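**Q**
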Amino acid sequence: MKEKFTRWDAVDQLHSEVEQTAYLNACLEDDPGDGSLVRAALGDIARARGMSSVARATGISREGLYRALSSDGNPEFATVMRVMRALGVNLRAA
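Throughout the sequence shown, residue numbering follows our numbering, covering 81 to 174 in sequence.
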């Protein structure tokens with residue numbers, strides 16, 4: 081008998097801004113320095129909030145956001161900033 085597995089998706093756990101903020105902070109802390117975890121977290125949070133509404137708020141197409149925030153994506157810093165603004169996320173230096 082074959083075992084059946086369900087794919088885990090972070091979006092299923094990101095119901096509130098508190099959960100989303102904690103997730104993004106953890107990814108910022110654990111990112112290896114290439115932005116991959118931060119990019120993934122922003123993509124997950126955007127999906128949790130609705131990619132279409134984030135696309136409208138950024139002025140970037142939904143497909144463009146999916147591409148930029150995918151594991152193969154390499155978004156420009158301006159794109160990351162537009163997504164962060166649309167999500168209400170602030171970038172701060174400590």
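All residues carry an ideal CB built from backbone N, CA and C; glycine is no exception. Everything numeric in this text was worked out from a predicted model, so none of it was measured.
According to the Cβ coordinates, are residue 151 and residue 142 closer than 7 Å?
**A** no
**Q** Return the chain-ordered list of same chain residues with a C-beta closer than 6 Å to the C-beta of residue 155, the five sequence neighbours on each side being excluded.
**A** 148
**Q** Comparing alpha-carbon positions, which option in 87, 104 and 92 lies nearest residue 121?
**A** 104
**Q** DSSP three-state label for residue 173, please.
**A** coil
**Q** Output yes or no for whether 7 Å exceeds the beta carbon distance between residue 166 and residue 137.
**A** In this structure, residue 137 lies closer than 7 Å to residue 166 by Cβ.
**Q** State the DSSP-derived secondary structure class of residue 86, mapped to helix, strand or coil.
**A** coil
**Q** Would DSSP call residue 114 helix, strand or coil?
**A** coil
**Q** With a CB to CB cut of under 7 Å and the five nearest residues on each side skipped, what residues in its chain are close to residue 117?
**A** 107, 110 and 111
**Q** Can you give me the C-alpha to C-alpha distance between residue 134 and residue 88, rounded to a whole angstrom?
**A** Counting only the Cα atoms, residue 88 lies some 23 Å from residue 134.
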